[in-house]
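A.B. asks:
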Ligand SMILES: Cc1ncc(COP(=O)(O)O)c(C=O)c1O
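Numbering (the working numbering), first residue to last: 352 to 710.
1. If you reduce the DSSP assignment to three classes, tell me which class residue 411 lands in.
2. For residue 399, which of helix, strand or coil comes out of DSSP?
3. Could you give the C-beta distance for residue 361 and residue 401, rounded to a whole number, given that I count them as a contact under 8 Å?
4. If we call anything under 7 Å between Cβ atoms a contact, is residue 444 one with residue 487?
5. Would you mind reading off the limits of the beta strand (DSSP E) that contains residue 515?
6. Can you tell me whether residue 392 is buried or exposed? The criterion is at least 16 other CB atoms within 10 Å of its CB, across all chains shown.
7. For residue 448, which residues in the same chain have their Cβ closer than 6 Å to its Cβ, ignoring the five residues on either side in sequence?
8. Name the residue from 555, 625, 430 whose alpha carbon lies nearest to the alpha carbon of residue 704.
9. Would you mind listing the beta strand (DSSP E) stretches within the stretch 568-621 that are 3+ residues and don't spill past its ends, in chain order?
10. Kindly list the residues whose CB is nearer than 7 Å to the CB of residue 595, restricted to its own chain and excluding five residues on each side of it in sequence; keep chain order.
11. Is it the case that the CB of residue 484 approaches a heavy atom of ligand 1 more closely than 6 Å?
12. At what residue ranges does the stretch 429-470 contain a whole run of the alpha helix (DSSP H), taking only runs of 4 or more?
13. Is the beta carbon of residue 627 within less than 6 Å of some heavy atom of ligand 1?
14. Rounded to whole angstroms, what is the Cα-Cα separation between residue 616 and residue 407?
15. With a threshold of 6 Å, establish whether the CB of residue 606 neighbours any heavy atom of ligand 1.
16. Taking residue 389 as the reference, which of 451, 495, 675 has the closest Cα?
17. Are there 16 or more other CB atoms within 10 angstroms of the CB of residue 556, so buried, or fewer, so exposed?
18. Mind checking residue 554: buried by the 16 CB within 10 Å criterion, or exposed?
19. Alpha carbon to alpha carbon, what distance is there between residue 668 and residue 446?
20. Cβ atoms of residue 512 and residue 721: under 7 Å apart, would you say?
21. Would you check whether ligand 1 has a heavy atom nearer than 6 Å to the C-beta of residue 610?
22. Go through its chain and collect everything with a Cβ distance to residue 578's Cβ below 7 Å, but skip five positions before and after it.
23. Alpha carbon to alpha carbon, what distance is there between residue 710 and residue 646?
24. Specify the secondary structure class of residue 561 as computed by DSSP and reduced to three states.
25. Locate the alpha helix (DSSP H) running through residue 639, then write down its first and last residues.
26. Name the residue from 648, 450, 654, 689 whose alpha carbon lies nearest to the alpha carbon of residue 677.
27. Is there at least one non-hydrogen atom of ligand 1 closer than 6 Å to the beta-carbon of residue 582?
28. Residue ranges of each beta strand (DSSP E) run of no fewer than 3 residues wholly in the stretch 634-690, ordered along the chain?
29. Would you mind working out which of 418, 618, 551 sits nearest residue 610, comparing C-alpha positions?
30. Roughly how many angstroms lie between the CA atoms of residue 442 and residue 707, to the nearest whole one?
31. Find the nearest neighbour of residue 628 within the set 580, 404, 664, judged by alpha-carbon distance.
32. Taking 6 Å as the cut-off, is the CB of residue 392 close to at least one heavy atom of ligand 3?
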């Protein structure tokens, strides 16, 4: 593993940096430092902690044309004892490498990834907000930096991590879901299970439709029959049917969400059943209509858990959930936030303490 070179200008910058706003938002403020790692000649060459700033790219850099890019999203929390912990970052390291393999990019050793996360978090310690639901959001990413217009896997890459002190993403309003029956997000054998920019770019046409329909989130269906529920553009999906939690089983068209996985594990600890199976949207809507599906919710790192109030189709028909405020979803949300924020006991290995630095 390479040692991260700490640049004194970065330390000076972050030491002096404060945020005097009570409304942090999401991605509105950035810690004034960043991690940068360079890959060339078949290996990771060096890692640096630098002042945050623009990066300069040749107009023919491959990522700008062919989208060879991956990213992650994860959070660090300040606990009541003032210590800062990351939530399951090993899972993000693993998923980052899964995405890297799919996109013909180099893997980064998990320990190296985690060390870089530790360092940016430790140097941003005083910027990790305090209030329940707030966090330091980490955004690791990697881009192909080789220059040239030939379509082939690049040989040079840039790995970076930036960090944003963030507020609770969920406004308190339930989510209105637009069911996308025409466009698709991911197909079997494609990149749906990788966290790569192209998946998000391809979702934006539907996001426009979603907003025009007065909804908040797009619900994606399978690419072949256009009827099996997959996920949202940036979140996974759950429904409570006859009192039991249901979620679509993972395929290579669905991102393996760490929040999804954590909810399934928490339910397991409580001896509560979670059904993972193919879920037909038409059956689900019938269950919503006849009241056997009382609640549905979305989940992900940014939003944690947010209840769904309604499903809307392109023809304007609307299916209202019996429990639009999602009382059970909110209980799951509180449980997760409690664990993340150090209010409730965390299952072993879920929280990684950030090293204490004197600087
Ligand atoms: C497409 C997609 N699905 C699901 C999720 C939820 O994953 P996680 O819970 O790991 O944030 C995300 C966010 O990372 C996502 O981008």
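A virtual CB, placed ideally from N, CA and C, is assigned to each residue, including glycine.
In this text, all values refer to a predicted model and were calculated from it rather than measured experimentally.
C.D. replies: To lay it out plainly:
1. coil
2. strand
3. 5 Å
4. no
5. 508-517
6. exposed
7. 458
8. 430
9. 568-571, 587-592, 595-599
10. 624, 626
11. no
12. 440-453
13. no
14. 43 Å
15. yes
16. 495
17. exposed
18. buried
19. 37 Å
20. For the chain, the structure presents residues 352 to 710; residue 721 sits outside this window and is missing.
21. yes
22. 572, 631, 632, 633
23. 48 Å
24. helix
25. 632-640
26. 648
27. yes
28. 644-651, 655-663, 669-671
29. 618
30. 23 Å
31. 580
32. Absence of ligand 3 is noted for the structure shown, with ligand 1 being the only ligands found.
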